[in-house]
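Numbering (the numbering used here), first residue to last: 346 to 548.
If you want it as structure tokens, here you go:
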């Protein structure tokens with residue numbers, strides 16, 4: 346949160362209660378969950394009345410089942426809100442024809458001690474998307490960061506398909522973080538310099 350003095354935030358489970366505590370308070374806030382990242386701009390001012398259309402008592406985000414293909418039709422939820430549909434397929438690795446289409450499995454991983462729980466079971470890409478398979482996907486998942494050529498990290502979104510995290514891009518490297526746990530995923534097909542002495546193991 347940009348201005349932590351003008352607003353009060355109280356998380357309770359999967360709900361977040363937000364209350365302005367200063368007049369004309371303006372700020373932005375970033376909310377991280379185990380699956381998504383939300384960006385909000387908050388502005389508080391005196392309402393003209395209870396029927397003021399600018400009043401917001403509750404914001405609820407509803408996610409339908411994702412079906413269809415990217416660029417396909419949108420589906421309506423609740424009659425008013427439209428959500429895009431997404432491709433939900435992960436390449437079938439049991440199919441020899443799929444394996445011959447140039448999937449890249451040349452990834453290695455290094456992690457800090459005690460971070461084994463956030464290390465994916467398998468990582469590969471198809472030249473467009475990156476796929477990371479995790480065990481225990483009903484639990485919390487790490488945040489995923491893209492690492493650029495200068496080593497700077499930027500938080501990126503992903504979606505779940507079965508037990509796979511699907512990232513709609515490829516990268517030289519990703520960083521996974523959950524609490525104090527950290528794991529670095531390296532795409533060995535795309536050269537990336539690392540600190541001397543860092544240990545890697547293949548996925």
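Virtual Cβ for every residue (Gly too), placed ideally from N, Cα, C. Bear in mind the structure is a predicted one, so any value in this text is a computation, not a measurement.
By the Cβ criterion, the stretch 389-406 is not in contact with the stretch 470-479, since fewer than three pairs of Cβ atoms, one from each stretch, lie closer than 8 Å. Burial is judged here by how many other beta carbons sit within 10 angstroms of a residue's own beta carbon; residue 497 has fewer than 16 and is exposed. Per the Cβ contact rule, the stretch 484-494 is in contact with the stretch 507-526 (3 or more Cβ pairs under 8 Å). Annotation: residue 475 to residue 350 spans about 40 Å, alpha carbon to alpha carbon. Take residue 434, set aside five residues on each side of it, and the residues of its chain with a beta-carbon closer than 8 Å to its own are 506, in chain order. Pairing residue 449 with residue 534 gives a Cβ-Cβ distance under 8 Å.
Per DSSP, residue 397 is not a residue of any beta strand (DSSP E), being assigned neither H nor E. Counting of Cβ neighbours within 10 angstroms places residue 464 among the buried residues, the total reaching 16 or more.
Here the alpha carbon of residue 371 sits roughly 54 Å from the alpha carbon of residue 440. For residue 364, the enclosing beta strand (DSSP E) begins and ends at 360-365. Assignment of residue 386 by DSSP, reduced to helix, strand and coil, places it in the strand class. As DSSP reads the structure, residue 442 sits in no beta bridge. As the crow flies, the alpha-carbon of residue 356 is around 33 Å from that of residue 455.
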